[in-house]
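Number of protein chains: 2
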Amino acid sequence: MAVLLVAAACVGFGVMVLIHTQHLVTVPGVAGTLRHDHQQAPVLREAEPTTHAAAIVSDLPHQSAANCTTRWIEQRIDHFSWLPASAANATASASEPAIYSQRYLINDQFWDAANPKAPVFFYTGNEGDVTLYANHTGLMWENAAEFNALIVFAEHRYYGQSMPFGDDYMQHLNYLTHEQALADYTELIYFLQQEHNTADHPVIVFGGSYGGMLSAWFRMKHPALIQGAIAASAPIFGFVGYPFFKGDSYWKVVTDDASPKHGSAANCAPNVRKSWPVIFELAKTDAGRAKLGDIFRLCEPLTQESQGEALAMALLVAFDTMAMGNFPYPSAYLTSGNGEMPAWPVRAACSHLADEFADDDKLLAALRDAASVYTNVTQDLQCYKLPEAKDFDGIWDYQWCTEMLPQETYFDRNGVTDMFWARNVTLDEIKAGCARNWQTTPDPTWIRVSYGDEKLRSASNIVFSNGDLDPWSAAGVLHAPKGAKYHVLPIADGAHHLDLFFSHADDPQSVRDARKFEVGQIRAWIDDFVASE
Amino acid sequence: MAVLLVAAACVGFGVMVLIHTQHLVTVPGVAGTLRHDHQQAPVLREAEPTTHAAAIVSDLPHQSAANCTTRWIEQRIDHFSWLPASAANATASASEPAIYSQRYLINDQFWDAANPKAPVFFYTGNEGDVTLYANHTGLMWENAAEFNALIVFAEHRYYGQSMPFGDDYMQHLNYLTHEQALADYTELIYFLQQEHNTADHPVIVFGGSYGGMLSAWFRMKHPALIQGAIAASAPIFGFVGYPFFKGDSYWKVVTDDASPKHGSAANCAPNVRKSWPVIFELAKTDAGRAKLGDIFRLCEPLTQESQGEALAMALLVAFDTMAMGNFPYPSAYLTSGNGEMPAWPVRAACSHLADEFADDDKLLAALRDAASVYTNVTQDLQCYKLPEAKDFDGIWDYQWCTEMLPQETYFDRNGVTDMFWARNVTLDEIKAGCARNWQTTPDPTWIRVSYGDEKLRSASNIVFSNGDLDPWSAAGVLHAPKGAKYHVLPIADGAHHLDLFFSHADDPQSVRDARKFEVGQIRAWIDDFVASE
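Sequences listed follow chains S and G, in order.
The opening position of the first sequence corresponds to residue 1 in my numbering, with each subsequent residue numbered one higher.
The opening position of the second sequence corresponds to residue 1001 in my numbering, with each subsequent residue numbered one higher.
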């Protein structure tokens, strides 16, 4: 189970989707995913750092966390107030601030402090064990030698092994904010300046998904420290106050992945769309629910009508995750090492839905087989257990119930431009869930208040990359006004931050070009840095 | 007494100096100032908003807080964590964040939302009652009509009437940080966008002293929100990690003010320098202390040798304050309205020290008369009371004992390049004082960690102005590398942020030119803003 626990913690916005499914649901017990277990637990701290290193298949040998030294840096738990440690930890000395140990992984084999152009390549860790990013961020590894880069992967507080308050962290979530995480990173960068003589060297940050948001925001707020940012699949516009993002555009991308436009069977999306009324109708009766249990091989019988939506949500999550992970080669990234999905998993799923089904039972069986590309990725599960809403306590949900709340329309689906069922969710519903689960009131405009509007005035030296297969592209930065000093980089046939990964023989030309563009930008940023010294 | 209370709270770095005098002292009872009382107390909340409006003498009629509407905005007390209000306030609803009411002053008589170039002129309030800044920041008032500007003066939390936790604020100082204050300002700017239709208008921030640091940092961290900053007399390099600032350069400026270089009597600085050994020698004996009490007209007799340094510190503070307030016309700014110092107060003080004194008693009497230009500015005090270190609890000292700690060498004087007595202070001494008074451990590198090194890479659209009479110029930004997008603006014969004040017939040409330059920059920033829309 440990590997699955890691999965829940590490897959970035995959987790967000799980959480969304929870919050869609106002009736307890309705939500569901096809994960076995999505508790995040301190057991993660015992995880082998190289657990995931072998999980990704590549025909290139590549580097990983195993090539790094694990280091720790003492960080103030609260960078924004000065409470003495005694307020947080009774055993600490009264006037010292409370601290915790943050983990980072470092590789200096390519580093050359004597080369003024040598940069620090700094991964702004997101909501997961940092080894995952060290294992997968090929863009940093593959260019480190040429740039003489110092490689650093910084772990985000409250994830992996970087736990303020140790095992008691769940009782002290007040210090879990992206601002605190960025402040940790500023301290780490300062420390590296002393420790590795990086003071007059440019720092280039990399991140994907939430980590990409952190990279972009890091450059936006600390341009004196950060010379440039590769912000891959960073949905920074997914908040209230930004006009671009609408929930149905997110679900339209998922639907496009399941359409001929992106190589899937023509009948796939229509079949998926057709199946929901069948499921909801069956869920109304005992006999119908028994049939659903049989067809979908549920471990436990459905006992109430509302569980029809829980089942539907689990299927939606499967399509969502396969769309994010719609990579051109087999990958375990979206399962965090727990079995590889095949190349182009949405196409693989849709191959089960290529026919026209006169028989509803056959339609649902085909839907089950389609979803199982993800839900039974290990191909050894005998039955599915639908989790209950109350089971979920992953702490990304806390972040999301505070400052990371996406625009509420994210949850909206219309069943017309997308292949799901119409559903609207109000902010009040969301707030009620957050109050219940975390005793917090999310502030959905805070990101907009702090970072300004969609014009991103004064933002510079940032590449915002987005793959057109990735539903999160719907909340990404897709347009740059004339004269902007940041770049938008669309990647045809790209899923969730494919550009960050190691090069692969099956990569589409688009992502090869994208990486070339990114490397060119990094070089230009470094040249600018050195020219201004 | 209320006015003097305001004085202690409002004069910006004047307060810092008072605090420094406290922390110079490791022996209780040694520190002293010639203020009657430097407690900061909630009584400030009852202050008349126009108390100071009449206090500055000008031959131009000018605007002030009286021309503003007082408004309040609800702010989260903690922008960087999400503790429910119940954690901070037992009567609040469990899931709502704790809030407080921040005061701001606004004037919209010049504002024209239809003019795309119309800016918001936004004063980033510092450590004092915001009416002080509204009353004195002529640079905003005098240019508002021409720019069609919306004028806003924002009050800094924990000062004036903007008190989280009301009268209990002293028990809740954790939320007093400059980051929280800037976060308040981001929320206010967002609110103004909705309320006054300012969303597509440039925001120009203004600030002097600590307020100038806030203005510069605001632009540096939130360039998407802030189009440009006038950072007047902002000593942002006065922290550990910046190479420029040395304590003795600060005290050398004070000494230069008391020298012919800046129009003072040639014998002034030598006489001042000569007096300290006399004072310290007299402080050793009962008879000597009695004599000191007589000459300096102390309300209470000196009873121990260490009080000699307390007296000396009070005299040093007088020269320091007169140097900061070395304005070309009579001004009550540095006394916050409690009586005007004369034009060029250091020259006036030094006029008492123009002779050569064969007699030590006459030397000390002359020193007393020199200091009394400040210490007895109201000319009605019969005696001075030296305060004791334990009396002091102004909350600027808390800020300074957390993140605002200047480089410890600030305290150093050498008695050679300055006219004081040699004194070194260690960081350990300072930390001991902070632990004792506030149970905090200052982090003297935090500012450097967060804002980067002295190269101010990527900083743009900031004018750093510094007058050469102002000792804080020693910690200011005085050099801009080639290609820098910020500007340094030296002001000959300028004291502490003279450029922000209302125009005056006695202004030197340098400050007239400086204001012209600043207005030109503001215009250029606005043009750039509109061009990029």
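For each residue, glycine too, the CB sits at the ideal point set by N, CA and C.
Any C-beta of chain S under 7 Å from that of residue i
i, result
"E1309/G", "no"
"E1187/G", "yes"
"K1224/G", "The residue you asked about is not Lys; residue 1224/G is Ala in the sequence shown. Output row for A1224/G: interface = yes."
"S1372/G", "no"
"T1131/G", "no"
"S1162/G", "no"
"G1228/G", "no"
"T1402/G", "yes"
"R1523/G", "no"
"V943/G", "As displayed, chain G neither begins before 1001 nor continues past 1533, which places residue 943/G out of reach and without an answer."
"S1101/G", "no"
"G1483/G", "yes"
"S1275/G", "no"
"S1259/G", "no"
"S1249/G", "no"
"A1532/G", "The residue asked about is misnamed: residue 1532/G is Ser in this sequence, not Ala. Answer yes: the Cβ-Cβ gap between S1532/G and chain S drops below 7 Å somewhere."
Rounded C-alpha distance that separates residue i from residue j
i, j, result
"S1460/G", "W111/S", "31 Å"
"K385/S", "A258/S", "25 Å"
"T1255/G", "F1121/G", "36 Å"
"L132/S", "R1071/G", "50 Å"
"A475/S", "Y329/S", "25 Å"
"A514/S", "D360/S", "43 Å"
"C299/S", "S372/S", "15 Å"
"A1484/G", "D528/S", "12 Å"
"Y1242/G", "Y333/S", "44 Å"
"N197/S", "D320/S", "44 Å"
"S351/S", "E305/S", "30 Å"
"M1404/G", "A1422/G", "24 Å"
"Y1451/G", "V1205/G", "18 Å"
"T50/S", "Y104/S", "Note on T50/S: pLDDT 30, under 50, position unreliable in the model; the coordinate value appears next. If I take the Cα positions, the gap works out to 14 Å."
"Y1159/G", "Q1180/G", "13 Å"
"T137/S", "Q399/S", "24 Å"
"L1381/G", "A1343/G", "21 Å"
"S209/S", "P235/S", "7 Å"
"Q521/S", "Q1063/G", "50 Å"
"T335/S", "F327/S", "13 Å"
"I279/S", "G308/S", "6 Å"
"S162/S", "A1144/G", "51 Å"
Residue i at chain G interface by Cβ criterion, 7 Å
i, result
"F80/S", "yes"
"Y190/S", "yes"
"S336/S", "no"
"L427/S", "no"
"L405/S", "no"
"L83/S", "yes"
Residue i - partner residues in DSSP beta bridges
i, result
"H262/S", "Answer is none; H262/S lacks a bridge partner."
"T124/S", "A154/S"
"K485/S", "S460/S"
"R71/S", "Y104/S"
"P1471/G", "Looking at the DSSP assignment, P1471/G forms no beta bridge with any residue, so it has no partner."
"S1275/G", "Partner(s): none; S1275/G has no beta bridge."
"I99/S", "R76/S"
Next item on the list: With 9 Å as the C-beta to C-beta threshold (strictly closer), list the residues of the region 105-123 of chain S near chain G in chain order.
Entry: none
Item checked: Interface residues of the region 1164-1185 of chain G facing chain S [CB-CB below 9 Å] -> L1173, N1174, Y1175, L1176, T1177, E1179, Q1180, A1183
Next item on the list: Return the residues of the region 1453-1474 of chain G that lie within a Cβ-Cβ distance of less than 8 Å from chain S, sorted by chain order.
Entry: D1453, K1455, L1456, R1457, S1458, A1459, S1460
Item checked: Members of the region 1198-1223 of chain G that neighbour chain S once the beta carbon cut-off is set at 8 Å -> A1199, M1220, K1221, H1222, P1223
Check: For the region 360-425 of chain S, which segments carrying the beta strand (DSSP E) assignment without a break, of at least 3 residues, lie completely within its bounds, in sequence order?
Finding: none
Item checked: Members of the region 1440-1452 of chain G that neighbour chain S once the beta carbon cut-off is set at 9 Å -> T1440, T1441, P1442, D1443, T1445, W1446, R1448, V1449, S1450, Y1451, G1452
Next item on the list: Could you pull out every unbroken beta strand (DSSP E) segment of at least 3 residues lying fully inside the region 181-227 of chain S, listed in chain order?
Entry: 203-208
Next item on the list: Taking only runs that begin and end inside the region 1278-1361 of chain G, name each unbroken alpha helix (DSSP H) of 4 or more residues, in chain order.
Entry: 1286-1295, 1307-1324, 1345-1351
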